[in-house]
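Below is one structure; the comments refer to it alone.
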Amino acid sequence: MVPPDQSMESQPQQRNEQVPPTCTDNQSFTELTAEVVASNVEYPLTVKTTSDDFKNFIQGNEAPSTRQETRQSAPHSIKKTNSGRSDTAHQFIEWLRAQIMTGTIQVNARAGAVHIVSERRLCFVSPGLFYTFLDQNGANKNMDPKARRDAVSKIQHAIASVLTFERSILGGTMITAEIVGMRKRADLHVMVLTAQGTEELMLDLDFNNANRFITLGDIR
Numbered sequence: 014m015v016p017p018d019q020s021m022e023s024q025p026q027q028r029n030e031q032v033p034p035t036c037t038d039n040q041s042f043t044e045l046t047a048e049v050v051a052s053n054v055e056y057p058l059t060v061k062t063t064s065d066d067f068k069n070f071i072q073g074n075e076a077p078s079t080r081q082e083t084r085q086s087a088p089h090s091i092k093k094t095n096s097g098r099s100d101t102a103h104q105f106i107e108w109l110r111a112q113i114m115t116g117t118i119q120v121n122a123r124a125g126a127v128h129i130v131s132e133r134r135l136c137f138v139s140p141g142l143f144y145t146f147l148d149q150n151g152a153n154k155n156m157d158p159k160a161r162r163d164a165v166s167k168i169q170h171a172i173a174s175v176l177t178f179e180r181s182i183l184g185g186t187m188i189t190a191e192i193v194g195m196r197k198r199a200d201l202h203v204m205v206l207t208a209q210g211t212e213e214l215m216l217d218l219d220f221n222n223a224n225r226f227i228t229l230g231d232i233r
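Counted from 1, the sequence shown has number 161 at position 148 by my numbering; the numbering is strictly sequential.
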């Protein structure tokens with residue numbers, strides 16, 4: 014952990030620079046993250062689902078139907094099954110890869126939703142990243158808060174079925190982390206891919222450039 018009074022100079026990152034967060038006293042880091050990444054953008058997808066099918070899966074009715082495209086297929090090392098959960102997981106993975114490769118989601122950015130952490134691992138800030146995925150993939154933005162939380166939980170369980178994540182001391186995939194800036198500190202919840210899980214995403218990032226402002230907590 015970097016002491017609050019220690020000088021922190023920005024480090025160059027592949028597409029951006031590491032910068033400490035600027036949370037207000039009344040705004041959590043997670044809220045700030047959700048606010049920053051919530052804008053809708055167009056992105057290339059390898060696996061697409063129709064809005065109605067995706068809604069049905071998120072609402073627990075049925076698995077989404079998919080159609081495959083030839084652009085930037087998912088890495089072969091990622092586990093594949095025929096379940097609706099796996100379909101959603103691969104849709105999320107392709108969306109995430111496209112967002113990072115096009116620079117729409119910047120890694121290690123201020124109030125960002127994706128960060129490189131120690132030991133060449135990638136972490137996802139929850140729930141901000143998953144709300145963005147929901148909103149950009151046809152989910153009803155007028156869902157009540159509980160329904161949105163339930164939908165996020167389904168997505169998180171789906172991706173944990175095909176990628177390997179670190180586990181907390183309680184056995185879950187949600188890890189507590191601390192982020193420290195020049196004058197602020199905040200706690201946040203992240204899902205941390207293992208080094209192997211990170212490699213399976215096949216992203217062209219400098220994984221040696223971990224965000225030094227983030228310290229992971231309760232990994233077992």
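Ideal Cβ positions, reconstructed from N, Cα and C, are used throughout, including at glycine.
Within 10 Å of its beta-carbon, does residue i have 16 or more other beta-carbons around it, so buried, or fewer, so exposed?
{"i": "residue 36", "result": "Per-residue confidence for residue 36 stands at a pLDDT of 48, beneath the threshold of 50, marking its modelled position as unreliable; no derived number is given."}
{"i": "residue 140", "result": "buried"}
{"i": "residue 233", "result": "exposed"}
{"i": "residue 196", "result": "exposed"}
{"i": "residue 115", "result": "exposed"}
{"i": "residue 217", "result": "exposed"}
{"i": "residue 125", "result": "buried"}
{"i": "residue 132", "result": "exposed"}
Between the options, which has its C-alpha nearest residue i's C-alpha?
{"i": "residue 214", "options": "104, 98, 191", "result": "104"}
{"i": "residue 135", "options": "148, 113, 147", "result": "113"}
{"i": "residue 223", "options": "230, 129, 146", "result": "129"}
{"i": "residue 180", "options": "192, 191, 231", "result": "231"}
{"i": "residue 117", "options": "146, 219, 226, 157", "result": "146"}
{"i": "residue 109", "options": "127, 97, 153", "result": "127"}
{"i": "residue 111", "options": "203, 149, 131, 228", "result": "149"}
{"i": "residue 100", "options": "125, 173, 121, 162", "result": "173"}
{"i": "residue 102", "options": "119, 228, 166", "result": "166"}
So residue i and residue j are supposed to be a Cβ contact under 8 Å. How far apart are they, rounded?
{"i": "residue 210", "j": "residue 183", "result": "Incorrect: roughly 19 Å between the Cβ atoms, too far for contact."}
{"i": "residue 137", "j": "residue 168", "result": "The Cβ separation is near 10 Å, so there is no contact."}
{"i": "residue 190", "j": "residue 201", "result": "5 Å"}
{"i": "residue 220", "j": "residue 192", "result": "Contact flag wrong, Cβ pair sits at about 19 Å."}
{"i": "residue 171", "j": "residue 98", "result": "4 Å"}
{"i": "residue 204", "j": "residue 178", "result": "6 Å"}
Need the endpoints of the beta strand (DSSP E) that residue i sits in, please.
{"i": "residue 204", "result": "198-205"}
{"i": "residue 135", "result": "134-139"}
{"i": "residue 228", "result": "227-229"}
{"i": "residue 130", "result": "127-130"}
First and last residue of the alpha helix (DSSP H) that includes residue i?
{"i": "residue 114", "result": "97-114"}
{"i": "residue 190", "result": "No alpha helix (DSSP H) holds residue 190; the beta strand (DSSP E) holding it covers 187-193."}
{"i": "residue 165", "result": "158-173"}
{"i": "residue 210", "result": "208-213"}
Using beta carbons (cut-off 8 Å, strictly below), is residue i in contact with chain D?
{"i": "residue 132", "result": "Absence of chain D from the displayed structure is noted, only one protein chain being present."}
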